[in-house]
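To start, the structure itself, in structure tokens.
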Amino acid sequence: MRSKANHTAAIHRDRKAAVVVNTRSRRGRRRYAEVLRLLKEGDFRLTGVHPVTDPSRLRDVLTRALDAGPDLLVVGGGDGTLSSSVRHVAGRDVALGVLPLGTTNNFARSLGLPLDLAGAVGVFSGGKVADIDLGMCGDRPFANLASFGVSVEVAGTVRPWVKRVLGRAAYPLTALTILPGHRPFRAYITVDGKRHELLTHQLNIANGRFHGGWQIARDVSIDNRRLVAYQLGSGKRLRLLGETLVRATTGKWTSLAGGPFVTGQEMLLETDPPLAADIDGEVRLRTPLVLKTIPNGLRVMVPRDFVDT
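Positions 1 to 309 (the UniProt record's numbering) are the ones given, in order, by the sequence shown.
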């Protein structure tokens, strides 16, 4: 692996990049030509251009893109596209360049990226390579969030057209339609030998700083070598309803020290009953699960003022 300074210099000097965009999504399809135009205007030498029309082929597409040996892998899409990209880039001598083409763009927000395409591409030209924490849920790497409860049903229910029309508000509003029939569950989180018990409808374990487009707490970081577990509401539906509405309208800006958070580098999560995990938008595993961070496990392109620890 090159040093981050040498890697940054290579991207600025050689401008060797591969591009993968999920054009199956409306936003990716509509902005794809603009992405290519901005990269060419930035004098990037594209080793491969890969529009993804069939998400089931994404892994093969990413493998081909990386086989060309780019210094920068530019990826545009939602949580699922970025999650697959993270798994391919993790531990490799290539930096991930994130295009904000999703609905909530949580990962882009955690990296401090501009949410307009021109600004994001500008970071590739004038930014730096940083290494951030990589989350692991069981054997699945993740960039931003593993969640349990109502959100898993929301992920399988929310309609694409609702996301296009309502943006990040689509998720909490869909949750409100599911909540009346949802049963709470007990979660047991063991960190550093201490077991925490809670009753809730929704549990999130975050590696990144944002969820649903809102910052979790002002002192959360994607590069602080720890996960943050927190519940939304409690076992009572009205509590979750109130918290969902607050997040959908104003967000939160609390400190880890002042909120109901459990933090640690490694967590054992058990639930009663066993639950499916939504890992960066993909429902794959079931509890019990071990979640942990891998410090400096992923290289990304970020603005110059990003604090890289």
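Glycine is no exception: its CB is placed at the ideal position from the N, C-alpha and C atoms.
Legend entry - Inter-stretch contact (C-beta, 8 Å, three-pair minimum) for the stretch 15–27 and the stretch 71–78: yes
Legend entry - Ordered list of beta strand (DSSP E) runs contained in the stretch 84–140, each at least 3 residues: 95–100, 128–137
Legend entry - Simplified DSSP assignment, three categories, for Leu-285: strand
Legend entry - Separation of Asp-219 from Ser-84, as counted between CA atoms: 27 Å
Inset, instruction - State the DSSP-derived secondary structure class of Pro-273, mapped to helix, strand or coil. - result: coil
Inset, instruction - Please say whether Val-35 and Gly-76 have beta carbons closer to each other than 8 Å? - result: yes
Legend entry - Residues that Glu-197 bridges to, as DSSP identifies them: Tyr-188
Legend entry - Neighbourhood of Thr-81 by C-beta, 7 Å cutoff - its chain only, sequence neighbours within 5 removed: Asn-22, Leu-58, Val-75
Inset, instruction - Please work out which residues of its chain come closer than 8 Å, Cβ to Cβ, to Asp-54, disregarding the five sequence neighbours upstream and downstream, and give them in chain order. - result: Arg-24
Inset, instruction - Just confirm the distance between the C-beta atoms of Thr-287 and Glu-270, as a whole number of angstroms; I'd bet it's less than 8 Å. - result: 6 Å
Inset, instruction - Could you have a look at Ser-294 and say whether DSSP puts it in helix, strand or coil? - result: At residue 294 the sequence reads Ile, which differs from the Ser that was named. Ile-294: strand per DSSP, three-state reduction.
Legend entry - CA nearest to the CA of Arg-186, picked from Asp-192, Gly-193, Gln-202: Gln-202
Inset, instruction - Could you check what DSSP says for Pro-303 in three-state terms: helix, strand or coil? - result: coil
Legend entry - CB of Gly-213 within 8 Å of CB of Thr-104, strictly: yes
Inset, instruction - Please determine, among Val-290, Ala-217, Val-129, the residue with the shortest C-alpha to C-alpha distance to Thr-8. - result: Val-129
Inset, instruction - Might you give, ordered along the chain, the residues of its own chain that have their beta carbon closer than 6 Å to the beta carbon of Arg-29, omitting 5 neighbours on each side? - result: Thr-23
Legend entry - Closest by C-alpha distance to Leu-291, when choosing among Asp-131, Ala-33, Ala-206, Met-301: Ala-206
Legend entry - Residue burial classification, Met-1 (beta-carbon count within 10 angstroms, cutoff 16): exposed
Legend entry - CB of Asp-280 within 8 Å of CB of Asp-60, strictly: no
Legend entry - Val-98 beta carbon less than 8 Å from that of Leu-115: no
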